[in-house]
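**Q** Just passing along the structure, written as structure tokens.
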């Protein structure tokens, strides 16, 4: 009888460990992703899972099917993507401009190069 309870105890312990170590972080990340996608607005700059960086120009919610976004990946070049393809949001339209403009790195000679 005691052996049966120890088997049940270790089985429950293994399932709980699986949940807290593997499953819970994945579910938390999915929840954060859904929240970020639901907050997408026109003007946001995003990165897709395919590696494209673009500005959200429109959010289309069809009657059936997944929500789509229209991205401008280069001036005049727009593509459609599903919101599941959004990896992360980089900036928003309302973001304040940086205090210092970006500067090109100074050219330093590479070690071992011939001039």
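Residue numbers (the numbering used here): -9 to 105.
Backbone N, C-alpha and C fix where the C-beta goes; we use that ideal spot for every residue, glycine too.
All of these numbers come straight from a predicted model, not from anything done at the bench.
1) Below 8 Å on the Cβ atoms is my contact criterion, and I expect residue 41 with residue 61 to pass it. Report the Cβ-Cβ distance as a whole number of Å.
2) Does DSSP put residue 48 in a helix, a strand or coil?
3) Restricting to runs no shorter than 4 residues, where is the alpha helix (DSSP H) found entirely within the region 4 to 71?
4) What does the Cβ neighbour count give for residue 34, buried or exposed, with the cut at 16 atoms within 10 Å?
5) Can you give the Cα-Cα distance for residue 74 and residue 3, rounded to whole angstroms?
**A** In short, the structure shows the following:
1) Reading the chain shown from its first residue, position 51 is the one you call residue 41. Reading the chain shown from its first residue, position 71 is the one you call residue 61. Wrong, their Cβ atoms sit about 12 Å apart, outside the cutoff.
2) Position 58 of the chain shown, counted from the start, is the residue given in the question as residue 48. Strand, per DSSP.
3) 14 to 28
4) The count along the chain shown starts at 1 and reaches residue 34 at position 44. The residue in question, residue 34, is buried, as its Cβ has 16 or more Cβ neighbours within 10 Å.
5) On the chain shown, position 84 is the one that residue 74 refers to. On the chain shown, position 13 is the one that residue 3 refers to. So the two alpha carbons sit approximately 34 Å from each other.
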